[in-house]
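Chains as they are written, first to last, in my numbering: chain A, 386 to 674; chain B, 2 to 627. Here's the structure, in structure tokens; my notes come after.
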């Protein structure tokens, strides 16, 4: 019959229209209230009707693998031994694999010997060029560069704000454990503990020997070094203490008002770092006595 | 129809090897094997090219010219003499592999006979080769630049051409490490240093005349640049530019139409407004670095783009000594992803086509609801909703996570947590089929859809093949040609599905093909679910290193993407056995080649129909313009 298809279509539209309000009834007209924990259903496979997310009053949290602009992992600022130490060894793999070539690294050299030190002197990422592919994080042999979850980066001036330097890129390991709990645990298991690979190596070698070795520690400049490191990585290593790995923190609760949970001023970072170093010095002094 | 002699009938069934043997016998001296390491097919003397091509088409039955592209061999390595080579991949629409034939010309004269008299599908592809490589095609009806503008200086895909902000031939750039003192390219590499102006140009008197020749050739006899004055245009036909900035053109696409009242008498598609020379970027990149770039071609179906590219490179890698082919689970995951992508693509295509028909955004928003859930899945597995960058050579980025769990990080973040397999099962068994049924019920019998689309935008079966169209456009014209069946790859041979085909060749047929294809995709996905269960635990990671190299040779990988045949022609060449960067990286873009018959399909249609005809082809400008 002429027009029947048209009527069918209108009925379907009507059904969708009504479904939108059924949800309101279901949640007692508090569909969007933060007090009602219904996000899983509203955005799931059984959702009907409108599926709008009321940004910014509510936001879709990102899954663990989400990737948006890399950051550099540094040791926690209140780490007992190495507060704020870079995990990056400036081997340059991320800069080489980066498809749009947005990573710049200045490798540091020991002023006395002139040999490379496994630590970047400077590290830059031009976030206007970055294509968020995640290759840097995927191919980093030290888990030192990771993809961030913070996508709210709009700024008024691209020329001054969009080249991220090392202080701006650095985030604590703690932060990575928060945004990617299962991956952080898996990576720690692969490394053999929560510590950086080199730190674990030093720990195994003992403190004295470590001091001699440190300046010449590999920076993956040559193929031999890479191979040697690979062989080492393949070698059986002691399994991490289960307690150490299992302590991955739960997601940060988001009750804080105003600021992003993980934003911390440079001053505060420095304060925590200084406090941790002071504690370390105190310990050393105690041991000395 | 002309009766074919029985022996010729046999030739149409001949294998590729038999066909090549026959060619060499028929054209002694003009056809020779391509003996370079890792290459296949034949090299044809360019003087005889037209005859040989006609024989390939008429007698050997290779009626479908999939890809025609140029390669610039300059200097180093296995290719001792500098030359430009045209590479053609011809297929039979009855199925089977490619007959690859090539012809060579020197870089200075650079002239090759056009194959447009045999395959009209060569039209745009030859224009692209002229535009980017400067190959002059004798006999081409309309040899003008297609992606760049008339008056562009030089041929950018040639190996000795350097782009603005050129830094070095290959990535990784030396300036990044170990002394990577950051700079913006415009600070160090001054734009002007890389730009070459023609000797006779006067910069103070520049004016844009790039369109003058297009208008002149359009046959109105009116100088459209100088319209105005007292008398106006003294004709009953007028010329109208639709686009490049027009909401109905799905991006920056332009159609130049000659109108008689409301009726289109001729139409020419003009493109290139989003051109970024993707292929040149691809040749600067390493093989690995190209994967995320393929996401940006047809950004609606990035998983499919990834698949095509890794298949091409895997063909090259398979010749190397150390090569672990993808595991079964890898293939299962890949098919899972590309079939979900196909559903997304078709929902999107039908939705926007309905926008073009006037059903403004109501249906498309219903479809987006399903698309959102599928993209949520992609985001959880691959890390991004659209720029998935999921596949690797011999593997994928990562296996499915056990749970699709999000993590609170920003203020007001609301967390979700689902079991991955349960989510997938509910999507595939309930949600997606329900939406397709709803779509079917809503639209298939809708009077407006039927009246607007039946008999409009007609493309005959012969034209569809001859114009090298692909995907729903080809199958809507009655050609049951689906690469997943005709030239199978991955695990498609063992999967049970039908090739969607419709015979009326109009917009409605294309809509029906998309609808059926979504149902077939669901059918495939239902077979994938148990395979996901019993392959659990199998490794899916790639062992391709960050600096991995690829054995020399050529490869053409093609997949049936949502929009049609997506092909990647990749050449690895150099003086070593293995190279890190592709010598040639060509994308056979369905969105681009499917536009070739747009003029034919639009002739006689109304202006409002042209909008819908374009929508029924389903293009994405990221892929059209590359």
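Glycine included, each C-beta is placed from N, C-alpha and C at the ideal position. Quick caveat, the model's predicted, so the values are computed rather than measured.
Residue i and residue j closer than 7 angstroms at C-beta
i: residue 559/B; j: residue 565/B; result: no
i: residue 516/A; j: residue 407/B; result: no
i: residue 559/A; j: residue 569/A; result: no
i: residue 526/B; j: residue 429/B; result: yes
i: residue 116/B; j: residue 132/B; result: no
i: residue 104/B; j: residue 47/B; result: yes
i: residue 626/B; j: residue 275/B; result: yes
i: residue 527/A; j: residue 567/A; result: no
i: residue 317/B; j: residue 573/B; result: yes
i: residue 476/A; j: residue 488/A; result: no
i: residue 43/B; j: residue 34/B; result: yes
Nearest neighbour of residue i, chosen from the options [CA to CA]
i: residue 373/B; options: 155/B, 494/B, 361/B and 346/B; result: 346/B
i: residue 550/B; options: 323/B, 26/B, 71/B and 135/B; result: 323/B
i: residue 66/B; options: 381/B, 123/B and 300/B; result: 123/B
i: residue 405/A; options: 547/A, 523/A and 434/A; result: 434/A
i: residue 241/B; options: 624/B, 607/B, 594/B and 618/B; result: 607/B
i: residue 183/B; options: 482/A, 462/A, 565/A and 514/A; result: 514/A
i: residue 305/B; options: 253/B, 508/B, 562/B and 497/B; result: 562/B
i: residue 505/B; options: 495/B, 484/B, 473/B and 497/B; result: 473/B
i: residue 530/A; options: 557/A, 400/A and 546/A; result: 557/A
i: residue 519/A; options: 457/A, 586/A, 499/A and 426/A; result: 457/A
i: residue 440/B; options: 512/B, 97/B and 292/B; result: 512/B
i: residue 14/B; options: 24/B, 41/B, 60/B and 53/B; result: 60/B
i: residue 601/B; options: 37/B, 467/B and 267/B; result: 267/B
i: residue 538/A; options: 455/A, 481/A and 467/A; result: 455/A
i: residue 420/B; options: 414/B, 413/B and 403/B; result: 403/B
i: residue 476/B; options: 257/B, 453/B, 523/B and 500/B; result: 500/B
i: residue 481/B; options: 503/B, 12/B and 497/B; result: 503/B
i: residue 466/B; options: 180/B, 188/B, 595/B and 34/B; result: 595/B
Delimiting residues of the beta strand (DSSP E) encompassing residue i
i: residue 105/B; result: 100-106
i: residue 489/A; result: 488-494
i: residue 18/B; result: Where residue 18/B is concerned, there is no enclosing beta strand (DSSP E), although the alpha helix (DSSP H) it sits in stretches over 17-27.
i: residue 656/A; result: Segment 651-673 is the alpha helix (DSSP H) holding residue 656/A; no beta strand (DSSP E) there.
i: residue 124/B; result: Element bounds for residue 124/B: not the beta strand (DSSP E) but the alpha helix (DSSP H), 123-134.
i: residue 699/A; result: Here chain A has residues from 386 to 674 only, and residue 699/A is not among them.
i: residue 556/A; result: 555-557
i: residue 242/B; result: 239-243
Listed by chain order, chain B residues near residue i by CB distance under 7 angstroms
i: residue 436/A; result: 370 and 373
i: residue 484/A; result: 286, 290, 293 and 294
i: residue 441/A; result: 413
i: residue 524/A; result: 547
i: residue 498/A; result: Correct list: empty, because the minimum Cβ distance to chain B is about 16 angstroms.
Within chain A, partners of residue i - CB distance below 7 angstroms
i: residue 380/B; result: 448 and 451
i: residue 424/B; result: 430
i: residue 174/B; result: 486
i: residue 1/B; result: Nothing can be reported for residue 1/B, as the shown portion of chain B is limited to 2 through 627.
i: residue 180/B; result: 491
i: residue 363/B; result: 398
Listed by chain order, chain B residues near residue i by CB distance under 9 angstroms
i: residue 473/A; result: Within 9 angstroms Cβ-Cβ: nothing; residue 473/A doesn't reach chain B, min ~12 angstroms.
i: residue 565/A; result: 408
Bounding residues of the alpha helix (DSSP H) (the contiguous stretch that carries residue i)
i: residue 506/A; result: Segment 501-511 is the beta strand (DSSP E) holding residue 506/A; no alpha helix (DSSP H) there.
i: residue 305/B; result: 303-318
i: residue 525/B; result: 508-535
i: residue 608/B; result: 608-618
i: residue 382/B; result: 363-383
i: residue 264/B; result: It is not in any alpha helix (DSSP H) - residue 264/B instead sits in the beta strand (DSSP E) that spans 264-271.
i: residue 350/B; result: 329-358
i: residue 436/B; result: 433-440
Within chain A, partners of residue i - CB distance below 8 angstroms
i: residue 383/B; result: 450
8 angstroms Cβ cut-off: residues of chain C touching residue i
i: residue 445/A; result: No chain C appears in this structure, whose protein chains are A and B.
If contact is defined by three or more beta carbon pairs under 8 angstroms, each pair taking one atom from either stretch, is the segment 149-161 of chain B in contact with the segment 173-184 of chain B? no
Are the segment 347-366 of chain B and the segment 529-543 of chain B in contact at 8 angstroms, needing three or more beta carbon pairs? no
Just checking, does the segment 424-439 of chain A make contact with the segment 382-399 of chain B on the three C-beta pairs under 8 angstroms criterion? no
Mind the definition here: the segment 506-518 of chain B touches the segment 294-303 of chain B only if three or more C-beta pairs lie below 8 angstroms; say whether that holds. no
Cβ pair count under 8 angstroms reaching 3, the segment 575-585 of chain B against the segment 457-468 of chain B: no
With a threshold of 8 angstroms, are at least 3 pairs of Cβ atoms found where one atom belongs to the segment 86-98 of chain B and the other to the segment 472-487 of chain B? yes
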